[in-house]
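Asks: The structure follows.
Numbering (the numbering used here), first residue to last: 4 to 349.
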């Protein structure tokens with residue numbers, strides 16, 4: 004029933020309502036956001052939505068999101084933001100009540116940054132004026148290496164910011180370290196040998212630190228040692244547990260994935276381990292993340308689709324991974340898309 008309702012309404016609103024510009028935003032009194040996306044994309048969205056709310060602080064705001072993302076939204080958005088969370092399959096009554104609320108409140112504008120699921124687009128159609136994030140960037144025809152945060156800035160008509168280097172260094176003692184070694188993409192993830200070498204190097208550089216590996220359980224086969232294990236769960240309670248873990252963390256070491264963006268948004272010193280994706284395409288302009296990346300990929304965004312063995316990441320741990328730090332974040336290079344061969348082996 005709910006699936007039919009969503010599809011039927013979206014069929015009538017295939018192209019949205021056209022461009023929403025700064026004038027529309029300035030004149031709006033009530034704005035809502037619908038964010039049902041992947042973990043990392045949601046964190047990016049929440050960080051830029053927070054900047055948007057800070058710029059336009061005189062509006063009434065509503066965010067609608069999933070149960071898993073609710074704790075992150077509550078942490079990253081202003082305290083006066085109204086937040087509704089549900090799973091439409093498990094909470095159909097709450098889903099219907101949310102629709103009735105949107106009809107009653109008649110929000111002026113609706114946005115769904117980094118969300119292309121049917122439910123996110125369906126919900127914003129109840130605003131007087133709305134603009135699909137998917138439609139906005141399909142029409143703009145931007146390159147795939149265009150900065151992930153700037154995409155949301157453009158969508159919300161926010162100005163760009165000047166890049167700012169991370170304000171911390173490695174002389175700072177770290178007594179609690181969280182390592183997040185896996186992404187949903189193999190090409191961005193550490194192999195078991197990489198992780199074993201990373202743990203050994205972290206213990207050498209931070210001998211007194213407690214280390215926690217944050218990962219799906221099935222990815223940890225063959226990893227031995229005294230480090231603790233945190234298992235990600237795609238639930239509200241699981242997200243709250245991860246936030247509690249990060250509250251006591253001095254340093255996060257993460258591949259290019261959601262935990263890196265979350266740690267960055269919370270202001271935690273972070274080392275980002277990069278493979279094919281370029282830091283300047285992935286990190287925000289102001290960041291706590293110091294990127295580590297194979298020098299052969301500098302200036303390139305790699306999109307070799309068949310890559311299942313990221314040599315560029317493996318090579319980082321042949322010696323000390325800290326030898327591959329890229330601390331020139333405030334100097335943005337021109338990026339080139341690589342779709343042919345692996346530059347780390349050429």
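Idealized CB from N, CA, C, for every residue including glycine.
Between the region 203-214 and the region 312-326, do at least 3 Cβ pairs fall closer than 8 Å?
Replies: Because the criterion of three Cβ pairs below 8 Å is met, the region 203-214 and the region 312-326 touch.
Asks: Distance, Cα to Cα, residue 99 vs residue 134?
Replies: Rounded to whole angstroms, residue 99 to residue 134 spans 22 Å at the Cα level.
Asks: Given this structure, state the Cα-to-Cα distance separating residue 168 from residue 295, to the nearest angstrom.
Replies: Straight-line Cα distance between these residues: approximately 14 Å.
Asks: Below 8 Å between beta carbons: does that hold for residue 263 and residue 273?
Replies: Contact: yes.
Asks: Check whether the Cβ atoms of residue 316 and residue 291 sit closer than 8 Å, and answer yes or no.
Replies: Result no, Cβ atoms of residue 316 and residue 291 do not sit closer than 8 Å.
Asks: Have a look at 26, 42 and 176 and flag the residue whose alpha-carbon is nearest the alpha-carbon of residue 245.
Replies: The candidate whose alpha carbon is nearest that of residue 245 is 42.
Asks: Out of 219, 85, 269 and 12, point me to the one whose CA is closest to residue 63's CA.
Replies: Comparing Cα-Cα distances from residue 63 to each of 219, 85, 269 and 12, the minimum goes to 85.
Asks: Going by beta-carbon coordinates alone, are residue 226 and residue 247 separated by less than 8 Å?
Replies: Their beta carbons are not under 8 Å apart, which means residue 226 does not touch residue 247 by this criterion.
Asks: Quick check: the Cα distance between residue 112 and residue 27, rounded to an integer number of angstroms?
Replies: Looking at the two C-alpha atoms, the distance is approximately 8 Å.
Asks: Checking contacts by CB at 8 Å: is residue 66 closer than that to chain B?
Replies: Reference to chain B is not applicable here, since this structure consists of a single protein chain.
Asks: State whether the region 65-72 contacts the region 38-55, with contact taken as three or more CB pairs (one from each stretch) at a distance under 8 Å.
Replies: The region 65-72 is in contact with the region 38-55.
Asks: Which residues mark the beginning and the end of the alpha helix (DSSP H) in which residue 266 is found?
Replies: That run of the alpha helix (DSSP H) goes 261-268.
Asks: Kindly indicate which residue of 277, 55, 188 and 213 has the alpha-carbon position closest to the one of residue 176.
Replies: Comparing Cα positions, the closest option is 213.
Asks: When you compare each of 59, 83, 340 and 186 to residue 145 by their alpha carbons, which one comes out closest?
Replies: If we check each option's Cα against that of residue 145, 340 comes out closest.
Asks: Can you give the Cα-Cα distance for residue 94 and residue 232, rounded to whole angstroms?
Replies: Rounded to the nearest angstrom, the two C-alpha atoms are 31 Å apart.
Asks: So, do the region 233-240 and the region 69-83 have three or more beta carbon pairs nearer to each other than 8 Å?
Replies: At 8 Å Cβ cutoff, the stretches touch.
Asks: Between which two residues does the alpha helix (DSSP H) carrying residue 119 extend?
Replies: Run containing residue 119: none; DSSP gives neither H nor E here.
Asks: Do residue 260 and residue 186 have their C-beta atoms closer together than 8 Å?
Replies: Yes, they are a contact pair.
Asks: Whole-angstrom Cβ separation of residue 297 and residue 319, contact assumed at under 8 Å?
Replies: Between residue 319 and residue 297 the Cβ distance is about 6 Å, and since that is below 8 Å, they are a contact.
Asks: Measure how close the beta-carbons of residue 218 and residue 183 come, nearest whole angstrom, since I'm counting them as under 8 Å.
Replies: That pair is a contact at about 7 Å.
Asks: Measuring alpha carbon to alpha carbon, tell me which of 107, 278 and 282 ends up nearest residue 188.
Replies: Nearest option by C-alpha distance: 278.
Asks: Just to confirm, are residue 287 and residue 152 a CB contact at a threshold of 8 Å?
Replies: Against a cut-off of 8 Å, the Cβ pair of residue 152 and residue 287 comes out as a contact.
Asks: Need the endpoints of the beta strand (DSSP E) that residue 64 sits in, please.
Replies: 63-68 is the extent of the beta strand (DSSP E) around residue 64.
Asks: When we look at the beta-carbon of residue 116 and count the other beta-carbons within 10 Å, is it buried (16 or more) or exposed?
Replies: By the 10 Å Cβ count, residue 116 comes out buried.
Asks: Name the DSSP beta bridge partners of residue 159, please?
Replies: According to DSSP, residue 159 bridges with nothing at all.
Asks: Which first and last residues belong to the alpha helix (DSSP H) in which residue 73 is found?
Replies: Segment 73-79, the alpha helix (DSSP H) holding residue 73.
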